[in-house]
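Residue numbers (the numbering used here): -17 to 383. Even glycine gets a Cβ: it sits at the ideal position worked out from N, Cα and C. Here the structure is a predicted model, which means the values were calculated and not measured. Written out below as structure tokens is the structure these notes cover.
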Ligand SMILES: Cc1ncc(COP(=O)(O)O)c(C=O)c1O
């Protein structure tokens, strides 16, 4: 079957001019070009025949492994090669920092994985990149493909940024609970927003969003729905998340807190740990009223005012033994955890990070001496200036119960 492959070409490395490469690039960058190329049946996606005589290895998608210091080596060319070739290559490899002030105990270590430092501001950038790369690899995404997906916010932003970069059309189906900043951001990246506000009998807003995505997918053969709820590329994205944490801690951690929605993060982290036979405790942090760990009949999750964690449906990725403990957090827990994290550590994070901080603080007194705990801090706080970090919003929306 003919297919399209997504290519990276590094003319600086191979001494070529961008014009000499007969690919249909969306836009040439200064030294690196990315684009789609039609590949005849039987070819691999790493090497592609070009009409003009271009060195075959020029089309390799492999990147040099070692970063050279320009001042010591004097080789500017190789330094340029070692730069990420686009924003998509900046997803992941987030820092792990010691949270020195968050615990009153000095016999435990608390570490924060700063997922907000992904280019789109959240852990869902990893999911977005993985869903798109997998679709491209399988030949399901081609230059004219229209991507359609639903999101409560962060995946939408991650996809919008990546699709803008790849030159792909994107429609994101959101619902009326979506933060206005998210809508603005998704649109700024050039995506179309479809807003769902009405549900049919017995439907949750998520059901209504999924129904609309299905309608869009069925109405146009050019549409590709990555389907973050069922696509194995979602959990697969988090092999890298887990690999990084293992490298950063040298495998020395006892407990990891993960917020849950599709449970792609949790399932992907657990799968990687299982492959390595490492068995730290995984704590799932879920929203009160969420159906992930209880009956789907309970739709009180609709009452939640914060996006990110929680869901009105079970996860397709989760096995019963993936989770050691479940911590259910309220919106107020999330807000209090966010403010505590900000005051103690100067980290401005989103609601799920606040929920994780609150869940950790509840467990803190009973953690064994010498424990090392990792908190997955999932998104940036700037998007929540009008909610979590707005006193009046908190007072009006989350009265003390
Ligand atoms: C900020 C944030 N944290 C956590 C999650 C949950 O991730 P997952 O869908 O992998 O369970 C999401 C999902 O959208 C999110 O936006």
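With 16 other Cβ atoms within 10 Å as the buried cut-off, status of residue 212: exposed
Nearest to residue 237 (by Cα), restricted to the options 338, 174 and 270: 338
Helix, strand or coil for residue 148? Go by DSSP, reduced to three states. helix
For residue 143, does the count of other Cβ atoms within 10 angstroms reach 16, so buried, or fall short, so exposed? buried
What residues match up with residue 94 in a beta bridge as DSSP calls it? 79 and 357
Considering Cα atoms alone, identify which of 243, 140 and 226 is closest to residue 295. 243
Is it a yes or a no for the segment 325 to 334 touching the segment 343 to 353, going by three-plus beta-carbon pairs under 8 Å? no
For residue 190, three-class secondary structure by DSSP: helix
Measuring only the C-alpha atoms, how far is residue 65 from residue 72? 10 Å
Just verifying my parser: in three-state terms, what is the DSSP assignment at residue 253? helix
Can you give me the C-alpha to C-alpha distance between residue 324 and residue 317, rounded to a whole angstrom? 11 Å
Between the Cα of residue 136 and those of 299, 166 and 202, spot the shortest distance and give me the residue it belongs to. 166
Does DSSP put residue 68 in a helix, a strand or coil? coil
Check whether the segment 172 to 192 touches the segment 148 to 161, taking contact to mean three or more Cβ pairs, one atom from each stretch, closer than 8 Å. yes
Could you tell me how far apart the beta carbons of residue 362 and residue 319 are, in whole angstroms, since I believe they sit closer than 8 Å? Not a contact, Cβ separation roughly 15 Å.
What separation, rounded to the nearest whole angstrom, lies between the Cα atoms of residue 48 and residue 111? Residue placement at residue 48 is flagged as unreliable, the pLDDT there being 40, under the threshold of 50; a coordinate-derived value is accordingly withheld.
If contacts are defined as beta-carbon pairs under 8 Å, then residue 396 and residue 95 qualify, I think. What distance do you get, rounded to the angstrom? This structure cannot speak to residue 396, because the chain is shown only from -17 to 383.
Alpha carbon of residue 220 to alpha carbon of residue 115, nearest angstrom: 14 Å
Taking 7 Å as the cut-off, is the C-beta of residue 134 nearer than that to any heavy atom in ligand 1? yes
Give a yes or no on contact between the segment 197 to 204 and the segment 220 to 229, applying the rule of three or more CB pairs nearer than 8 Å. no
According to the neighbour-count rule (16 or more other Cβ atoms, all chains shown, within 10 Å of its Cβ), is residue 3 buried or exposed? Caution applies to residue 3, whose pLDDT of 35 falls short of 50 and renders its modelled position unreliable; the value that the coordinates give is listed next. So residue 3 ends up on the buried side.
Whole-angstrom distance between residue 70 and residue 368, CA atom to CA atom: 29 Å
I believe residue 251 touches residue 240 by the beta-carbon criterion, under 8 Å. Please report the beta-carbon distance rounded to the nearest angstrom. 6 Å
Simplified DSSP assignment, three categories, for residue 332: coil
So is the beta-carbon of residue 253 under 7 Å away from any non-hydrogen atom of ligand 1? no
Taking residue 303 as the reference, which of 253, 122 and 287 has the closest Cα? 253
Kindly list the residues whose CB is nearer than 6 Å to the CB of residue 379, restricted to its own chain and excluding five residues on each side of it in sequence; keep chain order. 287
Can the beta-carbon of residue 264 be found less than 8 Å from the beta-carbon of residue 306? yes
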